[in-house]
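Below you'll find the structure, written out as structure tokens, and then a few comments.
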Amino acid sequence: MRRMTLRAIGLIATGLAIAVALGVWGMARSSPPGILKPDEASVVATGSKLYAIHCASCHGASLEGQAEDWQRRDAEGFALAPPHDATGHTWHHPDRLLFDITKVGVGVAANLPDYKTRMPAFEGVLDDDEIIAVLSFIKAQWPDDIRRRHDLLNERDADARR
Numbered sequence: 001m002r003r004m005t006l007r008a009i010g011l012i013a014t015g016l017a018i019a020v021a022l023g024v025w026g027m028a029r030s031s032p033p034g035i036l037k038p039d040e041a042s043v044v045a046t047g048s049k050l051y052a053i054h055c056a057s058c059h060g061a062s063l064e065g066q067a068e069d070w071q072r073r074d075a076e077g078f079a080l081a082p083p084h085d086a087t088g089h090t091w092h093h094p095d096r097l098l099f100d101i102t103k104v105g106v107g108v109a110a111n112l113p114d115y116k117t118r119m120p121a122f123e124g125v126l127d128d129d130e131i132i133a134v135l136s137f138i139k140a141q142w143p144d145d146i147r148r149r150h151d152l153l154n155e156r157d158a159d160a161r162r
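Take the sequence shown: its position 90, counting from 1, is numbered 90 in the UniProt record's numbering, and each next residue is one higher.
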């Protein structure tokens, strides 16, 4: 009788372990790749406030960028502030690069030491969670198809880092 009880307990424990493992695996598989959190309302709300303070003066209150022809340079050779909406190129870059560009600047993040931009590095101005919040706010504004394409880009980036 005792042996049957121990077997039953062992089977139950094994079943629970498998269920937990499958649950964790399922959650990991259903979470979008990358470090941004565009589906977390509190993160997006914080990002919206920080974007208005630190980014909107150049990138526009509606993420529209500095100019319609934002890919040109100004008279001094500086890059214009690009749009962060679906018309821009922000969503063409994986989360990690967007984070690095925001934190340490384009020149350092993209290894382009001669790149001329007026965008400052935000290291020391915003902490890592605040940078993620701003970028999460931006991503939350993109249409679903752009967000899905960006998620695929993050998956490829994660695979390349492995």
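Every residue, glycine too, gets a C-beta built ideally from N, C-alpha and C. All values reported here derive from a predicted model rather than from experimental measurement.
Margin query: For threonine 102, report the span of its alpha helix (DSSP H) as first-last.
Written below: 95-104
Item checked: Alpha-carbon to alpha-carbon, alanine 79 and arginine 73 -> 5 Å
Notebook entry, point to check: Quick one: what's got a C-beta closer than 8 Å to tryptophan 70's C-beta in the same chain, skipping five residues either side?
Noted result: Leu80, Ala81, Pro82, Pro83 and Gly88
Note to self: Quick check: the Cα distance between glycine 34 and glycine 105, rounded to an integer number of angstroms?
What the structure shows: 20 Å
Next item on the list: Pull up the distance between the alpha-carbon of isoleucine 101 and that of aspartate 151, whole angstroms please.
Entry: 18 Å
Next item on the list: Give a yes or no on contact between the stretch 143-159 and the stretch 126-135, applying the rule of three or more CB pairs nearer than 8 Å.
Entry: no
Note to self: Looking only at its chain, what residues have a beta carbon closer than 6 Å to the beta carbon of residue 163, apart from the 5 residues adjacent to it on each side?
What the structure shows: Examination of residue 163 is not possible in this model, given that the chain is present from 1 through 162 alone.
Margin query: Distance check for tyrosine 51 and isoleucine 138, CA to CA, integer angstroms please.
Written below: 8 Å
Notebook entry, point to check: Does the Cβ of alanine 28 have 16 or more other Cβ atoms within 10 Å, making it buried, or fewer, making it exposed?
Noted result: The predicted model places alanine 28 with a pLDDT of 40, which falls under 50 and marks its position as unreliable, so this point remains unresolved.
Next item on the list: Give the DSSP-derived three-state secondary structure of alanine 56 in the structure shown.
Entry: helix
Next item on the list: Quick one: give me the first and last residue of the alpha helix (DSSP H) that serine 136 is part of.
Entry: 128-140
Checklist line | Residues near leucine 97 by beta carbon distance below 7 Å, same chain, minus five either side | finding: Ala109
Checklist line | Strand pairing of threonine 46, partner residues [DSSP] | finding: Partner(s): none; threonine 46 has no beta bridge.
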